[in-house]
Amino acid sequence: MTEEEYERIKQREKEHLRKMKALRQKVHRLQRAKKTEQDAAESAARARELLDESTALARRLDAEAAQSGARLDLASGDTSGAGGSSASDSPDDPEARARDLVRRLRDETETGDAGTDTSTDASEGDRFDKTIGPAT
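Residue numbering for the sequence shown is 26 to 161, as defined by the working numbering.
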């Protein structure tokens, strides 16, 4: 093999290696672009899911707010017509009506909870005895 043939083969090999390197870089760029597109699609899908979930929660909150507002309207209507309550003394005083409503709701909650949790209250008291140090 002569020096010219050697240089010619060497140049072809260099050219071939450059083409291979360019192809590898192109494959790498295409893989990154594909992964980026997949990540964007997953992100968009997750965003849609979150939007749907947020919309459902907002609807539920709207319904609960409407229900609470209706209960408040109903309760404030009941307190203004009830005789002997503090709200009937001053029907234009919203603070008095609110206090009366809160008091009535607490009474209802306490009476509703008192009948159901009496057995668990006693067992919870026994469960939280002091376990470290001398008994006092």
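We treat Cβ as the ideally placed atom computed from N, Cα and C, and that holds for glycine.
As the structure is a computational prediction, the values presented were derived from the model and not from experiment.
DSSP state of Asp64 mapped onto helix, strand, coil: helix
Residue of Glu135, Thr136, Leu99 minimising C-alpha distance to Ala123: Leu99
Option in Leu126, Ala83, Ala81, Glu89 with minimal Cα separation from Gly102: Leu126
Local conformation of Ala107 per DSSP, three classes: In this prediction, Ala107 scores a pLDDT of 49, lower than 50, which makes its location untrustworthy; no coordinate-derived value is stated.
Backbone secondary structure at Val34 - three-state DSSP: Checking the displayed sequence, the identity of residue 34 turns out to be Ile instead of Val. Helix, per DSSP.
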